[in-house]
Amino acid sequence: MFDDLQTYVPPSLGGIVDVIAEARLGDSSKPAWIMPTGTIEIVFFLDGARVEGFYMGDDAASERGSRSTFSLLFGAQTKPQVVIAPKARAVIVMMSPIAAKMLFGIPAFEVHNRTIEPTMIHGDLAMIEDKLNSLPSFSERAGFLESYLLQRLRAQSEIPPFVSFTRHGQHVLREADPFWMTKTLIDQSGYSSVHMNRLAKIWLGTTLNRYEALFRFRDALGRMQAPELNLAEVAAECGYHDQSHFTHSFKEFSGLTPSAYRAASKVGIDTLFFEKLPA
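Given below as structure tokens:
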């Protein structure tokens, strides 16, 4: 799915922008079914792109047609993304969901599991796309994007308290038991669960419980790559109540049962290929 992949981690945007990448997409007539990561992404198609299908889980049927040269913003993914791209080269900015509000002034829940056109966000992404096509190398394109996004970040008069708090949440997820995240964050914030979930929808696009469930799903994806683990063992190691709970939650995020995911042709843990898209 991704060929000639080049990546750059912008040091000045740590905690907001995870990576800037450039890749050739597709070269396949088979639809790619891409697992949700919880990030938001801006995709800039470079000249000559031919994309026959490019959409997120909650896009309307009218929004699922071909794409060519414009940019898209994906919101806080908790559903699969579909790409059908016989020919496309793209620059992709993968960001924390807080970037929707932080950089573009849009509450994350407004773009949750959707693509939106650049005219809907605060920033001239069409101008940026033209600039990216004029630069001769990936390093120059990545440097330009880092400077542009840093300028937008510096325009913020202050860092909202919930942003620094979500960074603490990432620490909880990485260093402690992630499945106690919601209770830990609420206890340490001093906020009520209602207020915390109101903030979470603005900055993360979803509730804390669902955000936590996404991390559990991502943990399961990683463990399922070990062929010696059967699905019952994966469910137990990831903290699901039982096999039924695992199957229901996994399908909610991926659109597939765990066994169908394991059987699918894939590249890495995230990109699956199908002759016909799953229902």
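In our numbering, the protein residues as written are 1353 to 1631.
In this text, a Cβ means the ideal position worked out from N, Cα and C, and glycines have one as well.
Quiz prompt | 8 Å contact criterion, which A1451 and I1368 should meet: CB distance rounded | solution = 5 Å
Quiz prompt | Among S1491, E1585 and F1569, the one whose alpha carbon lies nearest that of A1373 | solution = S1491
Quiz item: Using the C-alpha atoms, what's the distance from Q1503 back to D1622?
Solution: 32 Å
Quiz prompt | L1357 burial status per 10 Å Cβ neighbour count (16 or more: buried) | solution = exposed
Practice problem: Can you give me the Cβ contacts of P1362 inside the same chain, cut-off strictly under 7 Å, excluding the 5 residues immediately before and after it? | Solution: V1369, I1372 and E1498
Quiz item: Since L1345 is in the beta strand (DSSP E), which residue starts that stretch and which ends it?
Solution: As shown, the chain starts at 1353 and ends at 1631. That puts residue 1345 outside it, with no answer to give.
Practice problem: Note down the Cα distance separating V1546 from T1391, rounded to an integer number of angstroms. | Solution: 23 Å
Quiz item: How about the region 1393-1412 and the region 1432-1443: do they share at least three Cβ pairs that are nearer than 8 Å?
Solution: yes
Practice problem: Using three-state DSSP, classify Y1592 as helix, strand or coil. | Solution: coil
Quiz prompt | Minimum C-alpha distance to I1554 - residue among K1453, K1439, A1413 and A1507 | solution = K1453
Quiz item: Per DSSP, M1408 forms a beta bridge with which residues?
Solution: Q1433
Quiz prompt | Identity of the residue in L1505, K1603 and Q1577 nearest G1457 by Cα | solution = L1505
Practice problem: Have a look at T1467 and L1477 and give me their C-alpha separation to the nearest angstrom. | Solution: 14 Å
Quiz prompt | Residue ranges of each alpha helix (DSSP H) within the region 1451-1512, 4 or longer | solution = 1451-1456, 1477-1486 and 1490-1506
Self-check item: CA-to-CA distance, M1408 to T1389, given in whole angstroms
Solution: 12 Å
Quiz item: With distances taken between CB atoms, is the gap from Y1360 to A1507 smaller than 8 Å?
Solution: no
Quiz item: If you follow the alpha helix (DSSP H) that R1614 is part of, which residue opens it and which one closes it?
Solution: P1610 to A1615
Quiz item: Rounded to a whole number of angstroms, what is the C-alpha to C-alpha distance between S1544 and L1551?
Solution: 11 Å
Practice problem: Tell me, please, which residues DSSP counts as bridged to Y1360. | Solution: I1372
Exercise. In the DSSP assignment, find the alpha helix (DSSP H) that holds A1565 and state where it starts and stops.
Key: L1560 to R1575
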